[in-house]
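Engineer:
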Amino acid sequence: MSQSSMVSTTGLPKNPLLLLCDSEARPFFPSLSDPALSPMLAGYVAGNIGVLIGHPLDSLKVLEQTGTTRVSNLKTISTTSSRKFSTSRFGPVTQQSRTFATSLLPSTHNTGATLRSLASLYSGVSTPLATAGLLNSINFYVYDSVREHLYNSKRHVYGSAAKEYRDNDSILSVGIAGVTAGSVISIMTSPLAVIKTKQQIMLWKWKEAARNTLSLPGGVRNFYVGFGAHYYCNTVGRVSYFCTYELLKRGLMERRKNGDKPTKSLPLLDRIACAAVSGAVCWATIYPVDAIQARMYSQSAMSSSSISISKMITQMYKNGGNGFSLFYRGFGPTVLRAMPISAATLPAYDAMLAWFSEM
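Quick note: to get our numbering, add 1206 to the position in the sequence shown (first position is 1).
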């Protein structure tokens, strides 16, 4: 490609996002021989690892945020005691719901109701597990592509096979890439998030949750209940997540370069520590909005109705004693929960990315 083809007639670099359509740049849908497959394959593996580790903890987060949970059966719910709980077509009514705290304790009454089992905390895992690989492939492909093109456009070099941008691009570019990836993913994941949350709260099967959502007034639009909050969590969350991770990694790498034993790459334990902190920072940034989103999904499941984000904020504020307690219910455990998930996901992505890139 000639130098003149890489810049516009005004002498400025082409818009890096337009390079996705440039025949000499990275194609948007790569062939099997394209190095762009590396972030896609790495994202697929890392995404599934994150789901397997994080889903039961995510279920506890949702139950804590919404303040209600369905009592699960282990083995011994009797016919007599089960009659005490009437069940509607789409799940339990109010009598079948207990608080988050009591769901973690054995029942003191002879009703046969027992602890929420570990298996029930994996309720709804089928949806994210079936889609996590694909969605994370798209997420990391978009994220990596935007970072590469933003970096190369400043250098007036396109289609370069070198991967130095992963360590040398600006934090602003990392943030822009995070917003772009979050914008793409949020449109795809909103219906999945609605179904998953209903499964976690009501212990429904995937079809039951989807049928319930479609049966409500508004039909398909119900899959995008609380989309504003969902979009915020996916975009702002990714900015804080990726930027924090890159800042910490580069800071530690700089210290190691200037230390007594310089290294060319950051050790795994350092990456794990950086990822754990990044996960905590991410959830600290988005948690109040995520709580709003969870309660909107919960209301849709429990009362077969939905309200606007502004009304939900007002309702949560009043129900919290004219305060913000409900916006931060379960905040501490959730932030702690984010650390092991991130500690596994991001280093796994880095390791898989390096491995696939060298194949």
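No residue lacks a Cβ here, since even glycine has one placed at the ideal position from N, Cα and C. Quick caveat: nothing in here was measured; it's all calculated off a predicted structure.
#1: Is residue 1462 helix, strand or coil when you go by DSSP?
#2: If distances are taken between C-alpha atoms only, which option among 1375, 1514 and 1424 comes closest to residue 1434?
#3: Let me know if residue 1367 comes out buried or exposed under the rule of 16 or more other beta-carbons within 10 Å of its beta-carbon.
#4: Runs of 4 residues minimum, wholly inside the stretch 1470 to 1496: which ones carry the alpha helix (DSSP H) assignment?
#5: Whose C-beta lies closer than 6 Å to the C-beta of residue 1469 among residues of the same chain, with five residues either side of it excluded?
#6: Under the rule that 16 or more other beta-carbon atoms within 10 Å means buried, what is residue 1344, buried or exposed?
#7: Using a Cβ-based criterion (distance less than 8 Å to any ligand heavy atom), does residue 1556 qualify as near the ligand ATP?
#8: Counting along the chain, where does the alpha helix (DSSP H) carrying residue 1523 start and finish?
#9: Whose C-beta lies closer than 8 Å to the C-beta of residue 1453 among residues of the same chain, with five residues either side of it excluded?
#10: Suppose you measure from the CA of residue 1446 to the CA of residue 1521; what does that come to, to the nearest Å?
#11: Determine, using beta carbons only, whether residue 1339 and residue 1547 come nearer to each other than 9 Å.
#12: Taking the beta carbon of residue 1388 as the centre, do at least 16 other beta carbons fall within 10 Å, making it buried, or is it exposed?
#13: Determine whether the beta carbon atoms of residue 1409 and residue 1326 lie at a separation below 9 Å.
#14: With 16 other CB atoms within 10 Å as the buried threshold, where does residue 1342 fall?
#15: Less than 6 Å between C-beta atoms, sequence neighbours within five positions excluded: which residues of the same chain meet that for residue 1564?
#16: Could you tell me the alpha carbon to alpha carbon distance between residue 1405 and residue 1412, rounded to whole angstroms?
#17: So, for residue 1559: in the same chain, excluding its five sequence neighbours on each side, which residues have a beta-carbon less than 7 Å away from its beta-carbon?
#18: Just to confirm my understanding: we take residue 1390, look at its own chain, exclude 5 residues before and 5 after, and list those with CB closer than 6 Å. What are they?
#19: Can the beta-carbon of residue 1495 be found less than 9 Å from the beta-carbon of residue 1403?
#20: Residue range of the alpha helix (DSSP H) that residue 1511 falls in?
#21: Thinking C-alpha only, which one of 1542, 1519, 1483 and 1254 is nearest residue 1533?
#22: At the level of alpha carbons, what is the spacing between residue 1300 and residue 1407?
Structural biologist: Reading from the atomic positions:
#1: helix
#2: 1514
#3: Summary for residue 1367: the model assigns pLDDT 48, below 50, so the residue's position carries little reliability, and this model does not support an answer.
#4: none
#5: Once the five neighbours on either side are set aside, the close Cβ partners of residue 1469 are 1462.
#6: Only buried fits residue 1344, as 16 or more other CB atoms lie within 10 angstroms of its CB.
#7: You won't find the ligand ATP in this model; it holds no ligand whatsoever.
#8: 1515 to 1525
#9: 1377
#10: Spanning the two alpha carbons is a distance of roughly 28 Å.
#11: Not a contact, by the Cβ cut-off of 9 Å.
#12: buried
#13: A contact, by the Cβ cut-off of 9 Å.
#14: buried
#15: Cβ neighbours of residue 1564 beyond the five flanking positions: none.
#16: C-alpha separation (whole angstroms): 7 Å.
#17: 1244, 1245 and 1248
#18: Cβ neighbours of residue 1390 beyond the five flanking positions: 1348.
#19: no
#20: From DSSP, residue 1511 is part of no alpha helix (DSSP H); its letter is neither H nor E.
#21: Among 1542, 1519, 1483 and 1254, the Cα nearest to that of residue 1533 is on 1519.
#22: Its pLDDT being 36, under 50, residue 1300 is placed unreliably in this model, and the value from its coordinates should be taken loosely. Whole-angstrom Cα-Cα distance: 12 Å.
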